[in-house]
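Here the structure comes first, spelled out in structure tokens, and everything after it is commentary.
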Amino acid sequence: RRLVFKKADLLLAAKTSFGKSVIFQATPLFCRGGIAIIIIPLDRIGKEQCIKIRRLPGATPVFVNGKTDKTAQLAYEIETGVYTHIIMGPEIAAGWFQSIARNPSFKKRVSVVAIDELHLVALWGNGIRPQYAQLSLFRRRLGRSIPWFGCSATLDQKTLSIARKMTGFHNECEFFRSSVDRPEILLIVETIQPRTTRSFTSVFFVLTDAMTDGLPTLEKIPKTIIFIDSRRDIQRCADSLRNWLKRLSGGAITDSQARQLIQVYHSHTAESDKNSIYAEFSKMDSKIRIMVATESLGTGVDLSDVVRVVQYGFPLDRLLSVLIQRFGRAARLPDIKGEAIFMVESWAVGDRTVPTRRAIVSNGQIVSSSLLPSSTSRLSQMQAAEAERDISDNESDIAVDETELAGPTDDRRKRKSDRERRTDLYNDSPALFDFVNRSSCLRRILMSWLEESMADPATQLPPPHPGECCNVCNTTLAR
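Read in UniProt numbering, the sequence shown has 169 at position 169, and its numbers run on one by one without any break.
Below, the structure written as structure tokens:
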């Protein structure tokens, strides 16, 4: 109502899986001859939006990206209102689209400008994608009378302030907070045993359902995404899981089957492979059960039946918003439950005793294998003879030079002690520090940071039972 009738700006904070995109998908269809300009962060999201919008009665979307043939004919069709929804990234808005945005007859047709995943404006605008910071100029070209809409699940006060400044939202803009809690997702934080980060033994548990009574039961593996912010480590992790799977099966699972079951997905994956992998993983009965991926699958994509999300190591730039967005990939279908597991590097854990996933020590002996499921003990036995030496504790646990998006270089110039790194973590993000150290209920920490108490009470669901909340509320939980 605010966008269509009042023609006023609107900001929305709502949980992942809320259906925020429906608002800007529908808005131009309520306005005769209306057009929506939709700013998206990733091509995958743009393609999905285009497919969904095309199903709406009266909708004719077009997705313009770097690979689009930007002809004079396309510009003419956009200017004359052939398309109801124009989907693009900030680079197109700041470049090729500028001349269209100045066209007076086109401006009159625009019903709304929507920014999907608004938090990324603040996250990327001053760094890897400066065109996000130019959206306020884009608004001036279009005219300030056109209403703008921004939405995200992770809008803390600092992020919101930066994003509003970069995009030029009106000062009187209404900000509606819906609940962002996902009580159907179980939260778990565990510590990676020192010196085992690159051996990936801590994620062996994702294979525990692969065999039953000596027979392969691959379909029983919950659909899983493992997030790692290094392409090199993604490949290492996938290769390790595939090798363990083949060994567990005693040869019953072939190399081809293992590769089909466990896939990798990142920005350097060939486009044709991305499309086929994503299409297969989207199926309810997908043969792909485990995806090892970067941020390419971490924001905005619509994978409805993922049950388990694992964040291995800190997310990019150690941002709590990135972690929450990735957790939100789990349990997006109604009436299903999921789990979000953060495997955190040991240096981040302060002076307190926390359970860690047992791993192999340097001499090849198994640590406390009696405390593990039998499958993990078998992993230890398989690894004992060939465990590779991992990086030392005071080095980065993530291959910084291999990350998807380059981050700050200060930590590379000088090696810091664990205590110094913990201090930096606390200073940069006290909430993330508390989260990895499990100082209180994990859900309460996240919801406090997201200002859940300010959400409309009518949108809030009952909290989960303590036994199904997190591994602070229920210390017996482990994976």
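Yeah, the Cβ is synthetic: ideal placement off N, Cα and C, and Gly gets one too.
Where residue i falls: helix, strand or coil (DSSP)
{"i": "Gln-460", "result": "coil"}
{"i": "Arg-164", "result": "helix"}
{"i": "Ser-17", "result": "coil"}
{"i": "Cys-50", "result": "helix"}
{"i": "Phe-63", "result": "strand"}
{"i": "Phe-227", "result": "strand"}
{"i": "Cys-237", "result": "helix"}
{"i": "Ala-26", "result": "helix"}
{"i": "Ser-111", "result": "strand"}
{"i": "Leu-303", "result": "coil"}
{"i": "Trp-347", "result": "helix"}
{"i": "residue 491", "result": "Missing from the structure shown is residue 491; the chain here goes from 1 to 479 and no further."}
{"i": "residue 537", "result": "Missing from the structure shown is residue 537; the chain here goes from 1 to 479 and no further."}
{"i": "Asp-256", "result": "Reading off the sequence shown, one finds Ser at residue 256, where the question assumed Asp. Ser-256 falls in the helix class under three-state DSSP."}
{"i": "Pro-90", "result": "helix"}
{"i": "Thr-475", "result": "coil"}
{"i": "Ser-105", "result": "helix"}
{"i": "Trp-124", "result": "helix"}
{"i": "Thr-423", "result": "helix"}
{"i": "Met-454", "result": "helix"}
{"i": "Leu-42", "result": "coil"}
{"i": "Lys-220", "result": "helix"}
{"i": "Lys-158", "result": "helix"}
{"i": "residue 481", "result": "Residue 481 lies beyond the range of the chain shown here (1 to 479); nothing can be said about it."}
{"i": "Asp-181", "result": "coil"}
{"i": "Leu-56", "result": "coil"}
{"i": "Arg-332", "result": "coil"}
Own chain, CB closer than 7 Å to residue i, minus 5 neighbours either side, in chain order
{"i": "Ser-282", "result": "Leu-303"}
{"i": "Ala-238", "result": "Ile-262, Val-264, Val-292"}
{"i": "Cys-50", "result": "Pro-61, Phe-63, Ile-87"}
{"i": "Lys-20", "result": "Leu-12, Ala-14, Cys-151"}
{"i": "Leu-3", "result": "Leu-10, Thr-27, Val-112, Pro-147, Phe-149"}
{"i": "Ala-59", "result": "Leu-29, Ile-53, Thr-84, His-85"}
{"i": "Ala-75", "result": "Ile-100"}
Counterpart residues of residue i in DSSP-defined beta bridges
{"i": "Arg-129", "result": "According to DSSP, Arg-129 bridges with nothing at all."}
{"i": "Leu-12", "result": "Cys-151, Phe-176"}
{"i": "Tyr-265", "result": "Ala-293"}
{"i": "Phe-342", "result": "Val-189, Gln-311"}
{"i": "Thr-212", "result": "Leu-215"}
{"i": "Ala-36", "result": "His-85, Val-112"}
{"i": "Cys-470", "result": "Leu-187"}
Anticipated Cβ contact below 8 Å, residue i with residue j, distance rounded
{"i": "residue 487", "j": "Arg-326", "result": "Only positions 1 to 479 of the chain appear in this structure, which leaves residue 487 out of reach."}
{"i": "Arg-109", "j": "Gly-33", "result": "6 Å"}
{"i": "Leu-207", "j": "Leu-248", "result": "7 Å"}
{"i": "Pro-28", "j": "Thr-71", "result": "So it is not a contact: roughly 23 Å between Cβ atoms."}
{"i": "Thr-294", "j": "Ser-267", "result": "7 Å"}
{"i": "Ala-163", "j": "Ala-122", "result": "5 Å"}
{"i": "Asn-437", "j": "Val-349", "result": "6 Å"}
{"i": "Ile-38", "j": "Phe-24", "result": "6 Å"}
{"i": "Arg-44", "j": "Ser-230", "result": "Actually they are not in contact, since the Cβ atoms of Arg-44 and Ser-230 sit about 20 Å apart, beyond 8 Å."}
{"i": "Ile-324", "j": "Thr-154", "result": "5 Å"}
Proximal residues to residue i (C-beta, below 6 Å), its chain only, five neighbours per side dropped
{"i": "Asp-473", "result": "The amino acid occupying residue 473 in the given sequence is Cys; Asp does not appear at that position. Around Cys-473: Cys-441, Pro-466."}
{"i": "Lys-287", "result": "Gln-260"}
{"i": "Asp-418", "result": "Trp-347"}
{"i": "Trp-96", "result": "Lys-70"}
{"i": "Cys-469", "result": "Arg-443"}
{"i": "residue 535", "result": "Residue 535 cannot be examined here, being either before or after the span of the chain that is shown, 1 to 479."}
{"i": "Val-322", "result": "Pro-315, Leu-316"}
{"i": "Ile-391", "result": "Summary for Ile-391: the model assigns pLDDT 27, below 50, so the residue's position carries little reliability; its value from the coordinates is reported in the next sentence. None."}
{"i": "Arg-308", "result": "Pro-222, Thr-224, Glu-339"}
{"i": "Ser-362", "result": "Residue placement at Ser-362 is flagged as unreliable, the pLDDT there being 31, under the threshold of 50; a coordinate-derived value is accordingly withheld."}
{"i": "Glu-280", "result": "Ser-286, Ile-288"}
{"i": "Arg-332", "result": "Ser-17, Ser-304"}
Beta-carbon contacts of residue i that lie in its chain and below 8 Å, excluding the five residues immediately before and after
{"i": "Ala-101", "result": "Ala-93, Lys-107, Phe-138, Arg-141, Leu-142"}
{"i": "Ser-448", "result": "Ala-431"}
{"i": "Gly-250", "result": "Gly-214"}
{"i": "Gln-434", "result": "For the record, residue 434 in the displayed sequence is Asp; it is not Gln. Counting only Cβ-Cβ distances below 8 Å, and skipping sequence neighbours, we find Ser-440, Ile-445."}
{"i": "Asn-65", "result": "Asp-43, Gly-46, Met-88, Gly-89, Ile-92"}
Any contact between the region 211 to 218 and the region 297 to 316? By contact I mean 3 or more CB pairs, one from each, below 8 Å. no
Whether or not the region 456 to 473 and the region 432 to 444 are in contact is what I'm after, with contact meaning three or more pairs of Cβ atoms, one per stretch, closer than 8 Å; do they touch? yes
Pairing CB atoms from the region 11 to 20 with CB atoms from the region 174 to 190, are three or more of them under 8 Å? yes
Counting pairs of beta carbons, one from the region 180 to 189 and one from the region 39 to 57, are three or more of them closer than 8 Å? no
Any contact of the region 112 to 125 with the region 144 to 151, i.e. 3+ C-beta pairs under 8 Å? yes
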